[in-house]
Amino acid sequence: MAAIPDPVDLLQRLVRCPSVTPDEAGTLAVLTNVLQPAGFAVERVTFTEPGTPDVANLFATIGGGAPHVAFCGHVDVVPPGDAAGWTHPPFSAEIADGMLYGRGAADMKGGIAAFVAAAIQHRAAGKGRGTISLLITADEEGPSINGVAKLLPFALAKAAHPDAAIVGEPTSRAKLGDMVKVGRRGSLSATLKVFGKQGHVAYPERASNPVTAILGMLTRLKTTPLD
394 MAAIPDPVDL LQRLVRCPSV TPDEAGTLAV LTNVLQPAGF AVERVTFTEP
444 GTPDVANLFA TIGGGAPHVA FCGHVDVVPP GDAAGWTHPP FSAEIADGML
494 YGRGAADMKG GIAAFVAAAI QHRAAGKGRG TISLLITADE EGPSINGVAK
544 LLPFALAKAA HPDAAIVGEP TSRAKLGDMV KVGRRGSLSA TLKVFGKQGH
594 VAYPERASNP VTAILGMLTR LKTTPLD
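Offset between the sequence shown (1-based) and this note's numbering: plus 393.
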């Protein structure tokens, strides 16, 4: 029987990989070396798109049939900035006063370490009914073109549609883990073009000021309830 990984140790190993988007920097090897001995079938696939970086992804499954629970997460992180500004080196994963410090510890290698360890422990306890799948990408903090957008269709072609999906992103109001979200609103980006009409200041009725028009539009957008 494969050893059940300590989630803290696994998190430290992941944080010590400097996986700044879109480089997975060894994180997928760390996960593969934990998942395969536990019986997971692991596939690593690289997606490409002209004009964007190639991105390595991981898809792992164990079991079969229903219920099918999928876990999803990303191993890439944003740049740490000036390392001199950190109390602890950003990729050291040092533990001090009961806290683990490092770039990506919360967003979201901590979530990945937790659900990987939990999935392995669940199977080791003999609770083997159904399917568990893991979708791990290194393209969340960047363009998000060669990550989940392509990994999900790849996974659906390999396994049955999951009955439930859990994304290990940190969500909280005041304290990490103080709530669970059942959904997440998306975003809408747009370019507004407002055309005016030139005129002389002496004849304002013959002109059209686009600034005035766009202020009205923005006010309506701001005051329109979205929830």
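Glycine is no exception: its CB is placed at the ideal position from the N, C-alpha and C atoms.
Predicted model, so just to flag it, every value in this text is computed and none were measured.
Could you give the residue range of the beta strand (DSSP E) that holds V462?
-> Element bounds for V462: 461-467.
Could you pull the start and end residues of the alpha helix (DSSP H) that R516 belongs to?
-> For R516, the enclosing alpha helix (DSSP H) begins and ends at 503-517.
Count the other CB atoms, across all protein chains shown, that sit within 10 Å of the CB of H593; report buried if there are 16 or more and exposed otherwise.
-> Exposed: under 16 other Cβ atoms inside 10 Å.
State the beta-bridge partners of V471 as determined by DSSP.
-> For V471, DSSP records no beta bridge to any residue.
Decide if S412 is buried, meaning its Cβ has at least 16 other Cβ atoms within 10 Å, or exposed.
-> The residue is buried, with at least 16 neighbouring Cβ atoms inside 10 Å.
Decide yes or no for the touch test of the segment 530-547 against the segment 467-475: beta carbon pairs closer than 8 Å, at least 3 of them.
-> Here the segment 530-547 makes contact with the segment 467-475; the two share three or more CB pairs at distances below 8 Å.
Excluding the 5 residues preceding and the 5 following C348 in the sequence, name in chain order all residues of the same chain whose CB lies nearer than 8 Å to its CB.
-> Not covered by the structure: residue 348. The range shown for the chain is 394 to 620.
Just curious, the beta strand (DSSP E) that T530 is in, first and last residue?
-> Here the beta strand (DSSP E) through T530 covers 523-530.
Can the beta-carbon of L507 be found closer than 8 Å to that of P400?
-> Before going further, note that residue 507 is Ala rather than Leu in the sequence given. In this structure, P400 lies closer than 8 Å to A507 by Cβ.
For the beta strand (DSSP E) that contains R437, what are its first and last residues?
-> Element bounds for R437: 434-440.
For the segment 500-515 against the segment 556-571, are there 3 or more C-beta pairs whose distance is under 8 Å?
-> Counting Cβ pairs under 8 Å, three or more are found: they touch.
Collapsed DSSP secondary structure at M492 in the structure displayed | Here M492 sits in strand by DSSP.
Kindly indicate the opening and closing residues of the alpha helix (DSSP H) around A548.
-> 541-551 is the extent of the alpha helix (DSSP H) around A548.
Could you tell me whether the Cβ atoms of P590 and A583 are closer together than 8 Å?
-> A small fix is needed here, since residue 590 is Lys in this sequence, not Pro. No.
For the alpha helix (DSSP H) containing L611, list its first residue and its last residue.
-> From DSSP, the alpha helix (DSSP H) with L611 extends over 603-616.
Reduced DSSP category for T425 - H, G, I as helix; E, B as strand; rest coil = Reduced to three states, the DSSP call for T425 is helix.
Could you name the residues of the same chain whose beta carbon sits closer than 7 Å to that of G456, not counting the 5 residues immediately before and after it, in chain order?
-> Excluding residues up to 5 positions away in sequence, G521, G523, T524, I525 lie with their Cβ nearer than 7 Å to the Cβ of G456 in the same chain.
Sequence-distant residues of the same chain with beta carbon closer than 7 Å to A499, five excluded per side = Here the set comprises P563, L569.
Alpha carbon to alpha carbon, how far is T439 from G540? Give it in angstroms, no decimals.
-> If you draw a straight line from the Cα of G540 to the Cα of T439, it comes to about 9 Å.
With a CB to CB cut of under 6 Å and the five nearest residues on each side skipped, what residues in its chain are close to A557?
-> The beta carbon of A557 lies closer than 6 Å to those of V462 in the same chain, with the five residues before and after it left out.
Find out if the Cβ-Cβ distance for the pair I538, T445 is shorter than 8 Å.
-> For I538 and T445, yes; Cβs fall inside 8 Å.
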